[in-house]
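In terms of my numbering, the sequence shown is residues -17 to 71. Step one of this worksheet: look at the structure below.
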Amino acid sequence: AKLEKTIRVQVDQSYRHPLYQKVVRKSRQYLVHDEVGCRPGDQVIIVESRPISKLKRWSVESISRRATEEEVAAKTEELVEDVFPEAQE
-17 AKLEKTIRVQ VDQSYRHPLY QKVVRKSRQY LVHDEVGCRP GDQVIIVESR
33 PISKLKRWSV ESISRRATEE EVAAKTEELV EDVFPEAQE
């Protein structure tokens, strides 16, 4: 199947605007090659690697924090709601 060893990692960044002094938050998503076996909600360390596919240029180096079973269940439920909104009715 496709995307068996691929995960989507969201990298959040926040900084203070130089003029307006407001905290600005940015986030970016990367497709990352996963040989470690990550689950939804895990915090991982990624490193740049050779091009693996058209969009994959990063690999998982290690898992810095594993998600708990409750976090995994909540994240999975949230993803199902996003994909199948009519299932709630």
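Where is the CB? At the ideal position from N, CA and C, for every residue including glycine. Nothing here was measured: the structure is a model prediction, and the numbers come from that model.
Short of 7 Å in beta carbon distance, which residues of its chain neighbour residue i, apart from the five on each side in sequence? Order them along the chain.
i, result
"Q(-8)", "S9, Q11"
"E60", "none"
"V5", "S(-4), R(-2)"
Looking at the structure shown, is residue i part of a helix, part of a strand, or coil, going by DSSP?
i, result
"E30", "strand"
"K(-16)", "coil"
"D64", "helix"
"K8", "strand"
"V42", "strand"
"V54", "helix"
Quick one: what's got a C-beta closer than 6 Å to residue i's C-beta in the same chain, skipping five residues either side?
i, result
"G23", "A49, E53, V54, K57"
"I(-11)", "V14, D16, C20"
"K38", "L13, H15"
"D(-6)", "S9"
Could you give the C-beta distance for residue i and residue j, rounded to a whole number, given that I count them as a contact under 8 Å?
i, j, result
"Q25", "R7", "Incorrect: roughly 17 Å between the Cβ atoms, too far for contact."
"I28", "W40", "5 Å"
Within the same chain, show all residues whose beta-carbon is closer than 8 Å to that of residue i, passing over the 5 residues directly before and after it, in chain order.
i, result
"R34", "The amino acid at residue 34 is misidentified as Arg; the sequence shows Ile. Cβ neighbours of I34 beyond the five flanking positions: H15, S41."
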